[in-house]
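**Q** Anchor point for the sequence shown: position 10 equals -9 in our numbering, and the numbering is continuous, going up by one each time. Every residue, glycine too, gets a C-beta built ideally from N, C-alpha and C.
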Amino acid sequence: MFDKSKKTIEFLSDKGDSVLVVPMDQIKDLILDYKTPVNPVQVVPDQYLLTIRYKNNEGTEESIDMTLNTNNCREFLKITAAETGKEIFHKCACCVF
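#1: If residue 9 sits next to residue 42, beta carbons under 8 Å apart, how far is it from one beta carbon to the other, in whole angstroms?
#2: Nearest-angstrom Cα distance between residue 50 and residue 29?
#3: Helix, strand or coil for residue 6? Go by DSSP, reduced to three states.
#4: Quick one: is residue 48 buried, meaning 16 or more other Cβ sit within 10 Å of its Cβ, or exposed?
#5: Do residue 0 and residue -11 have their beta-carbon atoms positioned less than 8 Å apart in this structure?
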């Protein structure tokens, strides 16, 4: 969940409880890659992995990985880039996003 007023990204559990809050100014980078190796007969992979690298309150670098499927990937990446103000590095060179 993006909170512009607090300038944070809040990660919620399946029950809606807050699990992790990352200040947007602590985000180092956003990296998109294939989650699984691409099958040669697949034109587009089924899932992607978005890695958010950030510094925690102690200054240590940490990361969180999010699995995105082809149905929600494009829209989620647009929202993430707009909300964080960060460019997403596409590790998969042939990425269609």
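**A** The short version:
#1: As a position in the sequence shown, residue 9 is number 28, starting the count at 1. As a position in the sequence shown, residue 42 is number 61, starting the count at 1. Right, their Cβ atoms sit about 7 Å apart.
#2: As a working mapping, residue 50 is identified with position 69 in the sequence shown. As a working mapping, residue 29 is identified with position 48 in the sequence shown. Taking the straight line from one Cα to the other gives about 6 Å.
#3: For the purposes of this step, residue 6 is identified with residue 25 of the sequence shown, where counting begins at 1. The three-state reading of DSSP puts residue 6 in helix, counting H, G and I together.
#4: Locating residue 48 in the sequence shown gives position 67, where the first residue counts as 1. Looking at its Cβ environment, which holds fewer than 16 other Cβ atoms inside 10 Å, residue 48 is exposed.
#5: Translated into the one-based positions of the sequence shown, residue -11 becomes position 8. Translated into the one-based positions of the sequence shown, residue 0 becomes position 19. Contact: no.
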